[in-house]
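Okay, so the sequence shown: first residue is 1 according to the UniProt record's numbering, each after it adds one.
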Amino acid sequence: MNKFLFCILPFLLIGCKDTPNIKNSIPAQEAIAAAYGFKNWNNVNELTFTFNVDRDTSHFERTFIWEPKTNKVTYALKNDTVSYLHTNAKDSIEIAADQRFINDKYWLLAPFQLLWDEGLIFSEKENEIAPISGETLNMLTVTYPELGGYTPGDAYDFYYGKDFMIKEWVFREKNSATPTIAYTWEDTKDFNGMKLCTMHKDSTGTKKIYFTNLSVK
1 MNKFLFCILP
11 FLLIGCKDTP
21 NIKNSIPAQE
31 AIAAAYGFKN
41 WNNVNELTFT
51 FNVDRDTSHF
61 ERTFIWEPKT
71 NKVTYALKND
81 TVSYLHTNAK
91 DSIEIAADQR
101 FINDKYWLLA
111 PFQLLWDEGL
121 IFSEKENEIA
131 PISGETLNML
141 TVTYPELGGY
151 TPGDAYDFYY
161 GKDFMIKEWV
171 FREKNSATPT
181 IAYTWEDTKD
191 FNGMKLCTMH
201 KDSTGTKKIY
211 FTNLSVK
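Okay, structure coming up:
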């Protein structure tokens with residue numbers, strides 16, 4: 001994930017009563033993706049979202065439209081738009097837009113990225129203390145490969161409940177022993193069978209990363 005956004009600052013859950021009970025006979029990453037409705041992703045033709053960052057009194061936002069079947073991405077700027085193929089960003093403008101898109105998309109679709117991203121190393125622990133709430137939860141640690149991509153060697157700790165819904169996560173740059181950031185997962189909403197987390201808060205509640213203008217077609 002794009003590191004500079006973590007420096008700016010990749011669910012208490014609402015509307016998740018229908019979360020299916022998933023037997024822990026499959027790896028945690030698969031169970032988490034299933035809990036968030038991964039099976040419905042193939043029905044998506046277009047995903048629109050605005051990524052927002054609130055820090056004290058400052059506000060930042062940007063909007064993307066993604067057509068996953070063609071991998072076309074449109075990055076909406078104030079007075080212009082940039083359109084490109086996610087798998088084929090070429091010039092510096094497209095590459096910069098794609099770095100932002102990958103970061104913002106990860107915050108929204110991290111449960112699915114667990115299955116999409118290649119070369120990941122997974123480890124699971126039970127009865128770990130979540131850093132913000134202090135709850136005792138299960139933890140899935142995901143470590144990215146040392147080479148390639150925008151997040152080489154970075155690690156994420158996903159804290160999740162018995163229903164495999166994520167409550168908090170930690171980002172650890174370069175797999176450091178101490179957290180770089182920790183945020184909640186809140187306000188999960190259903191979009192055509194997919195559950196998307198729309199609010200993340202830090203331990204103080206003064207830094208928020210959230211999504212508006214969400215549309216799934």
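Yeah, the Cβ is synthetic: ideal placement off N, Cα and C, and Gly gets one too.
Keep in mind that this is a model prediction, so the values were computed, not measured.
Around the C-beta of Asp157, 16 or more other C-beta atoms lie within 10 Å, and the residue is accordingly described as buried. The DSSP assignment places complete beta strand (DSSP E) segments of no fewer than 3 residues inside the segment 136–196 at 136–143, 155–160, 166–172, 181–184 and 186–191, in order along the chain. When rounded, the separation of the alpha-carbon atoms in Phe191 and Gly148 is 32 Å. For Pro68 and Leu214, the gap between their C-alpha atoms comes out near 15 Å. The residue among Phe164, Tyr144 and Trp169 with its C-alpha nearest the C-alpha of Asn175 is Tyr144. Nearest to Val142 by C-alpha distance, out of Thr204, Gly37, Ile65 and Glu124, is Glu124. Apart from sequence neighbours up to five positions away, the residues of its chain that approach Asn127 with a beta-carbon distance below 6 Å are Thr136, ordered along the chain.
Residue burial annotation: Pro152 is exposed, with fewer than 16 other C-beta atoms found within 10 angstroms of its C-beta. Counted as a single uninterrupted DSSP element, the beta strand (DSSP E) harbouring Leu47 occupies residues Leu47 to Arg55. Under the three-state reduction of DSSP output, Glu61 falls in the strand class. Counting along the chain, Glu94 sits inside the alpha helix (DSSP H) bounded by residues Ser92 to Trp116. Distance from the CA atom of Asp54 to the CA atom of Ile181, rounded to whole angstroms, is 15 Å.
For the pair Tyr160 and Ala28, the CB atoms are nearer than the 9 Å cut-off.
Beyond the five residues adjoining it in sequence on each side, Asn52 comes within less than 8 Å, by CB distance, of His59, Phe60, Glu61, Lys208, Ile209, Tyr210, Phe211 and Thr212 in the same chain, given in chain order. Looking from the CA of Lys167, the closest CA among Ser133, Asn79, Pro179 and Tyr106 belongs to Ser133. Contact annotation, Asn71 with Thr87: C-beta distance approximately 5 Å; criterion of less than 8 Å satisfied.
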